[in-house]
Amino acid sequence: MKRTVFRSRWLPYALVLPQLLVTLVFFFWPAGKSVYLSLFKSPPFGGRDIFVGAENFVQLLTTPEYYDSVINSFVFAVGVTALSVAAGLAVATLANQKVRGLVLYRTALLWPYGIAPAVAGIIFLFIFHPAYGVLPYFLSLVTSYEFNWLLKGWIAMCLVIVATAWTQLGYNIAFFLAGLQGIPDSVMEAASVDGAGPLRKFASIVVPLLSPVTFYLVVVNIVFAFFGAFGVIHAVTQGGPGGATEIMVFKLWKDGFIGLNLGSSAAQSVILMAVVIGLTMLEFRFAEKKVTY
Amino acid sequence: MLAAERVTVLAAEAEGGRARRRLPWERLLVHALLLISVGVIAFPLYYAFVISTQTVQEVVQKPPRLLPSSHLAENYAEAWQRSRMARLLLNSTIVAVGVAVGKIAISMLSAFAIVYFVFPGRQLVFWMIFVTLMLPIPVRILPTYEVVGNLGWLNTYAGLTVPLMASATATFLFRQFYLTVPNELAEAAQLDGAGALRFLWSFLLPLSWANIAALFVVLFIYGWNEYFWPLLITNTEEMRTVVIGLESLIPRSGTELPTWNLIMAGAMMALLPPVAVIIVMQRWFVKGLIESEK
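As they're listed, the protein sequences go chains A and B.
So the first sequence is numbered by our numbering: it starts at 77 and just counts up by one.
So the second sequence is numbered by our numbering: it starts at -18 and just counts up by one.
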């Protein structure tokens, strides 16, 4: 360890102490307690916890509503990821062309990342508003189908997906641009000399060379849709209509803080913990292969 | 083209570091497509702005009016008053700056310890910080709430910020950066009689500003836009942050007058600060996004 040049018995511990305290008090202890609570039934208004083993999990896994929230989470995550990653790649490819005014274009493309999903949701809520929104109005000119998200679950799902994907787009564009800039000009030129057109170059050079970035972004967007997009559901649809947009995190919050069913809520936390651990592991496969980009 | 000619052309192009000159129509096409992308991406914001300048009558008219009207000032003034915007924005600023500065400070310190010291438990500390990546708020929500309650931190700035302050990504970023700082610098500092803290303060900190600025932008946005945590641990109007406070402007029952112009005015005020930070600090923002993931 050539790097280590300072010596002190206590100083390194003092330096890591603030981070460790936060980690232990607000991360490790609560995570452990979540696992503990998931094995107990706790009376909502105090009283002793009763050990019930796997009962909370069995109960969860035998309620159709829980499966609905799992399915909704997957639909939501796949929708957000597919939309924002595909659009991000398309826009980043355009923004990587060598034309004038690129700095301006890039600024004009990245800023939606600053918008909170909940605020984006409120804006899209009005765009989708069945009575006054601009989208249902223009759709009503071409079809008589009623685009009312308050009544139709799939439209509500589209609403929250589009709003969330909109906020994620800037993030994906930034990463794809970094990846694209890592592709040497000489490679693209060699392909041009060999007579490859823009589409051919995109399919045979850009897409394979960007695959590690794409993989990383897919994982990150899924994690975000699972864990970070609570605000858009809470502020816009409240899980409705009829539970159509009730994703796992929203159900966990509702069961725990509204329904005061602590054991079930904790069991849902533990299941989500398994999900996020799995996804983080996946992300680290990317970290190992990152050399490519 | 003769082979020799082609080589010259290629060499000339390589010199400029650019690919073949584009034809005018190709450049026009790229511009057109980029402008369309910008337009599609910006439309929701434009629409929100338009609505925020109209009267309720204009908002509900058909066909929808897609041009700004003249009621900007009065709508913003009323939304400002009704949602107690001053307090909401103040709270969000305190939370966003507090979370960003706190995360940066404690991450700098722990990365410094990990890189510049050998101590029993160093590996363990590193892994503990790493594992926080796998514990987002929802998987530990009830007990964290309980801990904050026991500390008496509900409805306080401490409760809003401290539990969010551990940061694996910021720690990794500083660790990576310190590893690129030449070892000779620390040795020279030591020869001059500087201790570890002096070295951190007078040598490493001045070198770290680019990283600090980059992290600050990303963490500020994270803190400003966090929703789940402030929703749970605040229940007074005085302590709400703006992304939560906004929700209270939305009519939930059919009988309330849908003052969408005011809601959109509120939304514009809530999103302006983080978006302005991104635009003003764009270079740092991109650096912070990309590098904090390495």
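Backbone N, C-alpha and C define an ideal beta-carbon position, used for all residues, glycine too.
How many Å lie between residue i and residue j at the Cα?
i, j, result
"A:A194", "A:A250", "22 Å"
"A:I334", "A:L159", "32 Å"
"A:G318", "A:F116", "30 Å"
"A:L186", "A:P288", "21 Å"
"A:P119", "A:F127", "12 Å"
"A:T183", "A:Q135", "50 Å"
"B:F100", "A:R85", "8 Å"
"B:E165", "A:V81", "10 Å"
"A:I198", "B:T74", "21 Å"
"B:G140", "A:F102", "11 Å"
"A:T138", "A:Y213", "42 Å"
"B:G269", "B:V199", "6 Å"
"A:V161", "A:V294", "7 Å"
"B:T137", "B:T215", "8 Å"
"B:H12", "B:A94", "50 Å"
"A:A130", "A:A343", "9 Å"
"B:G204", "B:T217", "19 Å"
"A:G315", "A:S345", "18 Å"
"A:L211", "A:N224", "10 Å"
"B:A0", "B:E7", "Confidence at B:A0 is low in this model, with a pLDDT of 47, below 50, so the placement of that residue is unreliable and no value is reported for it."
"A:N248", "B:P25", "19 Å"
"A:T100", "A:A107", "The sequence given here has Leu at residue 100 of chain A, not Thr. Answer to the nearest angstrom: the Cα atoms are 10 Å apart."
"B:T34", "B:S50", "5 Å"
"B:L(-9)", "A:A350", "Reliability fails at B:L(-9), whose pLDDT of 46 lies under 50, so the model's placement of it is uncertain and no value is given."
"B:G79", "B:L70", "14 Å"
"B:F111", "B:Q104", "11 Å"
"B:K43", "A:L215", "13 Å"
"A:G399", "B:L9", "Because chain A here runs from 77 to 369, residue 399 of chain A falls outside it and cannot be looked at."
"B:F201", "A:S341", "30 Å"
Check whether the Cβ atoms of residue i and residue j sit closer than 8 Å, and answer yes or no.
i, j, result
"B:N242", "B:V224", "no"
"B:A77", "B:A248", "no"
"A:G255", "A:L286", "yes"
"B:P119", "A:L348", "yes"
"B:M262", "B:I32", "no"
"A:A391", "A:A232", "Missing from the structure shown is residue 391 of chain A; chain A here goes from 77 to 369 and no further."
"B:S18", "A:L235", "no"
"B:R92", "B:F197", "Before going on, a small fix: residue 92 of chain B reads as Ala here, not Arg. No, the Cβ-Cβ distance between B:A92 and B:F197 is not below 8 Å."
"A:Y292", "A:E359", "yes"
"B:Y126", "A:F306", "no"
"A:T240", "A:V156", "yes"
"A:T243", "A:I298", "no"
"A:V175", "B:V106", "no"
"B:S148", "B:S88", "yes"
"B:T142", "B:G83", "yes"
"A:G339", "A:L113", "yes"
"A:F303", "A:V352", "yes"
"B:E55", "B:R46", "no"
"B:M66", "B:M250", "yes"
Counting only the same chain and skipping the five closest in sequence on each side, list residues whose C-beta sits under 6 Å from that of residue i.
i, result
"B:P163", "none"
"A:Y89", "none"
"B:T36", "H52"
"A:G204", "The sequence given here has Phe at residue 204 of chain A, not Gly. Result list for A:F204: L211, W225, L235, in chain order."
Suppose the cutoff is 8 Å on Cβ atoms and the five residues either side in sequence are ignored; what does the same chain contact list for residue i look like?
i, result
"B:A167", "Y97, F180, F184"
"A:F202", "Y208, G209"
"B:A(-5)", "Because B:A(-5) sits at a pLDDT of 46, beneath the cut-off of 50, its placement in the model cannot be relied upon, and the following sentence gives the value as read from the coordinates. Taken in chain order, the list of residues that qualify is empty."
"B:A160", "Note that residue 160 of chain B is Leu in the sequence shown, not Ala. Closer than 8 Å at Cβ, skipping near neighbours: V96."
"A:S268", "K277"
"A:M264", "K277, I281"
"B:I122", "F209, L213"
Just to confirm my understanding: we take residue i, look at its own chain, exclude 5 residues before and 5 after, and list those with CB closer than 7 Å. What are they?
i, result
"A:I323", "S145, N148, S149, F152, I309"
"B:I193", "I85"
"B:E219", "R68"
"B:A195", "W265, K268, G269, E272"
"B:V129", "L135, G140, P144, I214"
"B:T222", "L69, N72, S73, V76, P211"
Is any heavy atom in the ligand PLP found nearer than 7 Å to the beta carbon of residue i?
i, result
"A:S341", "Absence of the ligand PLP is noted for the structure shown, with no ligands found whatsoever."
Relative to chain B, which residues along the region 126 to 158 of chain A have a C-beta separation below 8 Å, given in chain order?
Going along the region 126 to 158 of chain A in chain order, one finds no residue with a Cβ nearer than 8 Å to chain B.
Quick one: which residues of the region 185 to 212 of chain A get their C-beta closer than 9 Å to a C-beta of chain B? List them in chain order.
If the cut-off is 9 Å between Cβ atoms, the region 185 to 212 of chain A has L185, L186, W187, P188, Y189, G190, I191, A192, P193, A194, V195, A196, I198, I199, F200, L201, F202, I203, H205, A207, Y208, G209, V210 near chain B.
Give the residues from the region 38 to 59 of chain B that approach chain A closer than 9 Å (Cβ to any Cβ), ordered along the chain.
Closer than 9 Å at the C-beta level to chain A, one finds these residues of the region 38 to 59 of chain B: V40, V41, Q42, K43, P44, P45, L47.
Output needed in chain order: residues of the region 11 to 31 of chain B with a Cβ under 8 Å from some Cβ in chain A.
Considering only beta carbons, the part of the region 11 to 31 of chain B lying closer than 8 Å to chain A consists of V11, H12, L14, L15, S18, V19, I22, A23, P25, L26, Y28, A29, in chain order.
Can you list the alpha helix (DSSP H) stretches of 4 or more residues lying completely in the region 194 to 221 of chain A, in chain order?
With a minimum length of 4 residues, the continuous alpha helix (DSSP H) runs that stay inside the region 194 to 221 of chain A are 210 to 218.
Name the residues in the region 160 to 174 of chain B whose C-beta lies less than 8 Å from a C-beta of chain A; which are they?
Of all residues in the region 160 to 174 of chain B, only L160, N164, A167, E168, Q171 come within less than 8 Å of chain A when Cβ atoms are compared, listed by chain position.
In the region 174 to 191 of chain B, which residues sit with their C-beta less than 7 Å from some C-beta in chain A, listed in chain order?
Residues of the region 174 to 191 of chain B that bring their beta carbon within less than 7 Å of a beta carbon in chain A comprise A177, in sequence order.
Report the start-end ranges of each alpha helix (DSSP H) in the region 121 to 153 of chain B that is 4 residues or longer and not cut off at the edges.
Listed in chain order, the complete alpha helix (DSSP H) runs (minimum 4 residues) inside the region 121 to 153 of chain B are 122 to 131, 138 to 142.
Name the residues in the region 115 to 140 of chain B whose C-beta lies less than 7 Å from a C-beta of chain A; which are they?
Cβ proximity to chain A below 7 Å picks out M115, L116, P117, P119, V120, R121, I122, L123, P124, T125, V128 from the region 115 to 140 of chain B.
When Cβ atoms are compared, which residues of the region 255 to 283 of chain A fall closer than 8 Å to chain B?
Against chain B - using a Cβ distance shorter than 8 Å - the residues of the region 255 to 283 of chain A are D261, S262, M264, E265, S268, V269.
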